[in-house]
Amino acid sequence: MKLQTSTKRLLRLSAQYVLAAAAVVLTYYTVIFILFFLAGTSYRSTAHVLLFAVLFLILGLFFEPFERLIIHSFTFFRTGKRLFIFLAGIVQLLFLWMTAYTTDQLMSDIWLSTTEEMIVAAVFLILDKCNSALPS
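Under the numbering used here, the first residue of the sequence shown carries the number 500, and numbering increases by one thereafter.
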C-alpha cells in the first residue's frame, strides 16, 4: 500500500513538473513569436521559432550562473546602490544579448539583425524586472 502511494505521488509530481516546464517553454515561445512578428524577422517555419525559444531558454539557464557571478563581484567594489543597480542591469542586458546572439548563430533558419537581438534582450530584461517586482 505504501509503495502505491509513493508511486502515485511521484507520478503526480512528475506530471506537475512537466506541465510547469511546458508552460515556461510556451511562454518563451509566445513572447519570441510576437517579437519576431512585430520586428518582421525572417524565419523558415514556426517550428524553428519554437526551437529558437527552447535554445534561448537552455542557453539562458547555462549563462545565468556566470551572470550572477559577475553581478556578485560588484559587491567588492564599494559602489553606491544606484550604480550597483545600473551595472547589474547592464550585465543582465549583455548576457541576454549574448544568449540571443548565440542562439541566432546556432540556428541557420532564423535571420536576426543585431538590432533585433538587442530588442529580444531588452524585452526579456524588462519582463525579468517586472516579474521580480511582483510580490511573492
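Think of the CB as a built atom: it goes at the ideal place given N, C-alpha and C, for glycine as much as any other residue. Computed from a predicted model, the values in this text were never measured in an experiment.
task = Return the CA-CA distance between residue 595 and residue 601, expressed in angstroms with no decimal places.
result = 10 Å
query = Among 532, 516, 511, 512, which residue has its Cα nearest to the Cα of residue 615?
reply = 532
query = At what residues does the alpha helix (DSSP H) containing residue 602 begin and finish?
reply = 580-605
query = Considering residue 555, what are the terminal residues of the alpha helix (DSSP H) in which it resides?
reply = 545-572
request  = Report back the beta-carbon spacing between residue 566 and residue 591 to the nearest angstrom; my notes put them in contact at under 8 Å.
outcome  = 6 Å
key: Nearest neighbour of residue 598, chosen from 557, 579, 506 [CA to CA]   = 557
ask   = Would you report the Cα separation of residue 535 and residue 541, rounded to the nearest angstrom?
value = 8 Å
Rounded Cβ spacing between residue 553 and residue 524 (contact assumed at less than 8 Å) = 6 Å
ask   = Quick one: what does DSSP say residue 505 is sitting in, helix, strand or coil?
value = helix
message = Determine whether the beta carbon atoms of residue 617 and residue 551 lie at a separation below 7 Å.
response = no
task = Quick one: residues in its chain with C-beta nearer than 6 Å to the C-beta of residue 610, no 5 flanking neighbours on either side, listed in chain order?
result = 541
ask   = By how many angstroms is the C-alpha of residue 575 removed from the C-alpha of residue 508?
value = 45 Å
inquiry  = Quick check: residue 511 and residue 608, are their CB atoms within less than 7 Å of each other?
reply    = no
query = Residues in its own chain within less than 7 Å of residue 521 by CB, not counting five upstream and five downstream?
reply = none
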